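Just so you know, this note's numbering puts 744 at position 543 of the sequence shown, and the rest follows in order with no gaps.
The C-beta atom is built at its ideal place from N, Cα and C for all residues, glycine as well.
All of these numbers come straight from a predicted model, not from anything done at the bench.
One structure below.
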Amino acid sequence: MVSSVVIVDSTTFTPQEGCTDVLCCVIFVIVILGYIVLGTVAWLHGDPRKVVYPTDSYGQFCGQQGTPNANKAILFYFNILQCANPTVLINLQCPTTQLCVSKCPDRFATYIDMQYNYRRNKSYWDYYKLFCKPGFNNPDKVPLNDIFKVNVLFVILQRCFPDFITRNGTLTVANKTSFKDGHGKIRSVVDLRDAANGITSLLDAKEVGVKIFEDYASSWFWILIGLVISMLVSLIFILLLRFTAGVLFWMVIFGVIAAVGYGIWHCYWEYSSLKGKPDSDITISDIGFQTDFRVYLQLSQTWLIFMISLAVIEAIIILVLIFLRNRVRIAIALLKEGSKAIGCIMSTLFYPIITFLLLALCIAYWAVTAVFLASSGDAVYKVMSTLPDCKYTNLTCDPETFSQSNVTKLCPGSQCTFAFYGGESLYHRYIFVLQLCNLLVFLWLVNFTIALGQCTLAGAFASYYWALRKPADIPPCPLASSFGRALRYHTGSLAFGALILSIVQFIRIILEYLDHKLKGAHNAFTRFLLCCLKCCFWCLEHFIKFMNRNAYIMISIYGKNFCASARDAFFLLMRNVMRVAVLDKVTDFLLFLGKLLISGSVGESTFSSVAYSQVPSLNYYWVPLLTVIFGSYMIAHGFFNVYAMCVDTLFLCFCEDLERNDGSPSKPYYMPPGLHRILNKTDQGEKQSH
202 MVSSVVIVDS TTFTPQEGCT DVLCCVIFVI VILGYIVLGT VAWLHGDPRK VVYPTDSYGQ
262 FCGQQGTPNA NKAILFYFNI LQCANPTVLI NLQCPTTQLC VSKCPDRFAT YIDMQYNYRR
322 NKSYWDYYKL FCKPGFNNPD KVPLNDIFKV NVLFVILQRC FPDFITRNGT LTVANKTSFK
382 DGHGKIRSVV DLRDAANGIT SLLDAKEVGV KIFEDYASSW FWILIGLVIS MLVSLIFILL
442 LRFTAGVLFW MVIFGVIAAV GYGIWHCYWE YSSLKGKPDS DITISDIGFQ TDFRVYLQLS
502 QTWLIFMISL AVIEAIIILV LIFLRNRVRI AIALLKEGSK AIGCIMSTLF YPIITFLLLA
562 LCIAYWAVTA VFLASSGDAV YKVMSTLPDC KYTNLTCDPE TFSQSNVTKL CPGSQCTFAF
622 YGGESLYHRY IFVLQLCNLL VFLWLVNFTI ALGQCTLAGA FASYYWALRK PADIPPCPLA
682 SSFGRALRYH TGSLAFGALI LSIVQFIRII LEYLDHKLKG AHNAFTRFLL CCLKCCFWCL
742 EHFIKFMNRN AYIMISIYGK NFCASARDAF FLLMRNVMRV AVLDKVTDFL LFLGKLLISG
802 SVGESTFSSV AYSQVPSLNY YWVPLLTVIF GSYMIAHGFF NVYAMCVDTL FLCFCEDLER
862 NDGSPSKPYY MPPGLHRILN KTDQGEKQSH
């Protein structure tokens with residue numbers, strides 16, 4: 202059975218039969234089976250509760266149903282001053298007792314203060330004992346190092362942190378700038394801030410996150426309407442292309458030019474109206490970063506920047522259209538043919554749904570496996586001591602036998618507290634390596650899914666092109682047949698191309714990780730070398746994506762293996778390098794203008810609806826705007842990506858058609874007469890210009 206698209210003339214084309222890149226197919230299947238085993242092992246050893254719930258000093262989960270801490274979902278640190286780094290807090294490795302509580306303290310108190318007030322009012326002990334260790338029920342006991350200091354706290358990441366508030370430039374907690382530490386010393390609130398250094402950024406992020414959530418809650422209906430409208434507009438746009446592709450694309454081109462021109466005029470009008478007002482000389486640098494972006498719209502400099510940016514974009518678009526006007530005609534002619542192909546194979550418009558579901562499955566499996574791997578291991582307990590010269594600090598201990606050991610005698614006040622989850626077995630020692638394997642296989646599966654979609658669409662559109670009488674000679678169910686051929690015969694070739702791309706992406710992720718770790722390094726040569734490597738691998742990744750895409754098209758046509766198809770595609774593109782520039786740049790440019798017009802118009806309409814409707818005042822008006830614009834662009838990209846794959850396939854088929862046929866009765870062209878005519882005129886014009 203032929204493993205590629207049926208080409209009508211066997212004397213002109215000789216498709217190969219059988220499976221391609223069988224070795225890579227076998228390896229790919231083995232890797233998938235190993236990936237399933239990895240997920241199973243991680244599921245057996247992992248416990249997501251370790252990620253979801255905080256853990257106290259006794260290794261018990263906070264807030265888990267069916268445990269004594271079911272109603273205590275928040276982790277409280279006895280003495281937050283012992284925590285010098287917020288990363289230590291989040292990782293539960295702070296050298297102080299950690300306790301599950303139902304709520305955070307809302308007042309200042311120390312054990313000494315409680316004893317003093319307890320003699321006057323017994324209710325002080327009732328409140329204080331809510332934050333004591335289990336079994337501690339003696340308000341008259343002599344204070345120990347482990348007795349905590351209650352501060353005014355709030356919850357973040359299910360943990361209690363000091364509620365810092367700046368009043369008139371002074372840092373306060375509960376309107377206080379100092380507090381007693383329980384040892385007769387007066388401590389400044391600044392000490393708390395230093396102990397939780399970096400928490401301020403988390404507080405700002407929490408505040409912004411809450412406001413964004415409120416905006417989504419207020420405007421979700423309009424966002425949903427905008428996304429539905431963008432889907433309908435994209436679908437209608439694709440359907441109209443079948444009948445009026447040329448007119449519609451010219452309308453898109455001039456529509457974008459008109460829209461950008463209107464934007465330039467509007468920015469100039471805003472700039473002129475603000476320029477004459479008081480404080481018009483205030484610049485963006487004067488006000489600094491503001492979370493409310495409406496503040497920037499009150500500055501004339503903002504509109505000047507917008508106007509200049511739009512003017513540059515307008516100039517680029519006009520110059521491209523002037524100097525590449527003939528190429529734009531070719532691209533539109535090719536897009537017209539693509540519209541006819543999609544019109545004959547309407548099922549291709551819905552294939553992105555299959556790709557989306559497969560990608561969602563890959564992402565979900567990777568995320569679940571990563572969580573279970575991260576939560577693998579048993580509770581590890583370590584000695585925590587406030588004494589700086591305790592030699593047993595950070596050593597592993599057993600909480601059941603710790604009280605009978607010599608550590609408590611040599612290091613008074615030391616505790617055997619929960620530190621983290623881990624282990625000493627072979628599996629636990631290679632958790633990090635398994636996480637890397639999980640990432641690499643995930644990238645491989647994602648790229649294979651994309652490759653399968655590209656090869657399937659290419660096969661369907663190639664069957665359209667090589668039909669001499671369109672649509673009579675198009676085989677039945679071209680999309681389903683192409684999907685079956687790709688999966689049955691070319692799994693190894695698709696996996697081979699996906700593996701090459703995945704390795705490059707994996708290296709790029711490692712380079713990004715190293716760059717993040719070395720940001721504070723002062724070695725200029727190291728930073729320069731890392732920057733060069735990142736740039737080189739970025740270029741390599743995009744080149745491989747381009748070559749893989751064309752190699753999959755050749756695989757769907759001839760049924761050769763990946764290397765042979767990539768070689769044939771490369772030399773075919775090099776022999777038509779000028780036409781490649783048309784396809785890869787001009788057609789992508791036209792499709793980008795269509796996506797830009799759809800996402801921009803839907804986003805602006807949604808913003809106007811939200812701004813002038815009965816929706817309550819939003820904290821950030823850019824939240825629904827950017828959400829709709831990004832969502833609309835991704836929806837339009839999903840539909841237009843089918844269009845782009847169609848154009849790429851037809852272009853390679855067109856180049857093959859020109860090289861193998863001459864238009865004679867024995868070797869007729871399969872391209873439509875209109876496309877052949879406009880290409881001949883363009884080629885003659887290029888020869889005369891040279």
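Leaving aside the five residues that flank His838 on each side, the residues in its chain whose CB is nearer than 7 angstroms to its CB run, in chain order, Lys796. Counting only runs that start and end inside the segment 716-793, the alpha helix (DSSP H) elements of at least 4 residues fall at 725-759, 763-776, 778-782.
One thing to note: Phe697 has its Cβ no nearer than 7 angstroms to the Cβ of Thr850. The segment 232-252 makes no contact with the segment 702-714; the number of CB pairs closer than 8 angstroms stays below 3. No Cβ-Cβ contact shorter than 7 angstroms links Leu536 with Ala668. The secondary-structure analysis by DSSP pairs Val302 across a beta bridge with Ile275. Comparing alpha-carbon positions, the option among Leu574, Gly654, Pro873, Arg443 lying closest to Ile754 turns out to be Gly654.
Here the segment 785-792 makes contact with the segment 527-534; the two share three or more CB pairs at distances below 8 angstroms.
Ala561 is classed as exposed because its beta carbon has fewer than 16 other beta carbons within 10 Å across all chains shown.
Of all alpha-carbon atoms in Ile830, Leu827, Asn777, Cys847, the one lying nearest the alpha-carbon of Cys856 is that of Asn777.
Contact fails between the segment 536-552 and the segment 595-615, because fewer than three Cβ pairs, one in each stretch, are under 8 angstroms apart. Per DSSP, the continuous beta strand (DSSP E) segment holding Lys583 begins and ends at 579-585. Within 10 angstroms of the beta-carbon of Tyr631 lie fewer than 16 other beta-carbons, which makes it exposed. For secondary structure counted as the alpha helix (DSSP H) over 4 or more consecutive residues, the segment 633-707 holds these complete runs in sequence order: 679-690.
Taking the Cα positions, Pro269 is about 9 angstroms away from Cys263. Sequence-distant Cβ neighbours of Leu715 in its own chain, meaning closer than 7 angstroms and more than five residues away, are Leu731. Excluding sequence positions up to five before and after Val453, its CB lies within less than 6 angstroms of the CB of Leu794, Gly795, Leu798, all in the same chain and listed in chain order. In the three-state reduction of the DSSP assignment, Cys598 falls in the coil class. If you compare the alpha carbons of Phe831, Ile830, Met775 with that of Leu853, the shortest gap goes to Met775. Taking C-alpha positions only, Trp739 is separated from Ile708 by approximately 10 angstroms. The Cβ-Cβ distance between Ser757 and Ser800 does not fall below 7 angstroms. The three-state secondary structure of Gln616, taken from DSSP, is strand. His691 counts as buried, since no fewer than 16 other beta carbons sit within 10 angstroms of its beta carbon. Excluding residues up to 5 positions away in sequence, Tyr593, Thr594, Asn595, Leu596, Cys598, Val608, Ser615, Cys617 lie with their Cβ nearer than 7 angstroms to the Cβ of Val584 in the same chain. Inclusion of Tyr844 and Asp858 in the CB contact set at 7 angstroms is not warranted, their separation being larger than that value. Annotation for Asp222: Gly693, Ser694, Phe697, Asn762, Phe763 place their beta carbon closer than 7 angstroms to its own, counting only its chain and skipping 5 residues before and after.
Between Trp423 and Thr807, the C-beta gap is smaller than 7 angstroms, which places the two residues in contact.
In the DSSP assignment, Thr256 forms a beta bridge with Phe262. Ranking Asp579, Gly456, Ile564 by CA distance to the CA of Ile519 puts Gly456 first.
Restricting attention to Phe414, Cys737, Ala274, Ile439, the CA atom closest to the CA of Cys361 is found in Ala274.
For Ala534, the number of other beta carbons within 10 angstroms of its own is at least 16, and it is reported as buried. Taken atom to atom, the span from the alpha-carbon of Tyr566 to that of Met835 is near 23 angstroms. In the structure shown, the three-state DSSP call for Cys220 is coil. With respect to Val803, Ser431 sits close: the two C-beta atoms are nearer than 7 angstroms. Note on geometry: alpha-carbon atoms of Ile830 and Leu505 lie some 23 angstroms from one another. Here Leu827 is exposed. Its C-beta has fewer than 16 other C-beta atoms within 10 Å.
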